[in-house]
Each structure stands twice: as C-alpha cells, then as structure tokens.
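Have a look at the structure below before the remarks.
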Amino acid sequence: MQIDFFKMNETMINSMEQKQVVVPASTTGALQKSFGDYLKENMSHVNDLQLETRRLSEQFAMGELENVHDLMISSEKSGLALKTANTMRKKVLEIYREVSQTRL
Numbered sequence: 010m011q012i013d014f015f016k017m018n019e020t021m022i023n024s025m026e027q028k029q030v031v032v033p034a035s036t037t038g039a040l041q042k043s044f045g046d047y048l049k050e051n052m053s054h055v056n057d058l059q060l061e062t063r064r065l066s067e068q069f070a071m072g073e074l075e076n077v078h079d080l081m082i083s084s085e086k087s088g089l090a091l092k093t094a095n096t097m098r099k100k101v102l103e104i105y106r107e108v109s110q111t112r113l
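Numbering (this note's numbering), first residue to last: 10 to 113.
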C-alpha cells in the first residue's frame, strides 16, 4: 500500500478553501482599538488618579478637606494603579526582549 502525500495535501487544502470564516456581526465595520490606544487610555487614567490625589492632599494641607478617608481612598487607588502600570511596563519590556531575541 502506497500513500500519496501530494494528493492528501491537495485534499486538505481544497477542504480548507471551502470553509468560510464567520465573523461576528458586532465586529464587522466596527473600529477596533489597538494595544497602543488601550495603553494610552489607561496611562491617562493613572495620571488622572494621581492628579486627584494631589488635589485632595493640597486641600487637606490647607484644612479645606472634611473627609480624610476620601484622601486615603484616593491615595490607595492611585498607588495601586501606579503599581499595576509599572508591572505592565515590566511585562511588556520582558515580552519585547524575548521576541526581539527570537531568531526566525
């Protein structure tokens, strides 16, 4: 018994060509965000949290802030967001280095 690999490959290719790729209706024609857009949006959010904490700190220092817990909550939110952004930066750099060292 002899196996004809060329015929098998041709059959597989033909069967793949006949299949249709179905794209969900929600993504067709919709503008999709890139990784850079998400990164820019999230860095802007981290910056906004930092600015809010700074504003509340200044109000607290001048005696204008009545609720100290608002300052503490804002401070923790901005600190956590900054730590998360830093972790993401490290991971992206690690992946970039790994991909750049990969030989094709």
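Beta carbons: idealized from backbone N, C-alpha and C, even for Gly.
Buried/exposed call for S150, threshold 16 Cβ in 10 Å: Residue 150 lies beyond the residue range present for the chain, which begins at 10 and ends at 113; the question has no answer from this structure.
Would you mind stating whether L40 and A90 have Cβ atoms separated by less than 8 Å? Contact flag unset, no.
Below 8 Å on the Cβ atoms is my contact criterion, and I expect L80 with F69 to pass it. Report the Cβ-Cβ distance as a whole number of Å. L80 to F69, Cβ: 5 Å. Contact.
So S83 and T62 are in contact, right, with Cβ under 8 Å, and what is the actual spacing, rounded? Between S83 and T62 a beta carbon distance of about 5 Å is seen, short of the 8 Å cut, so the two are scored as contacting.
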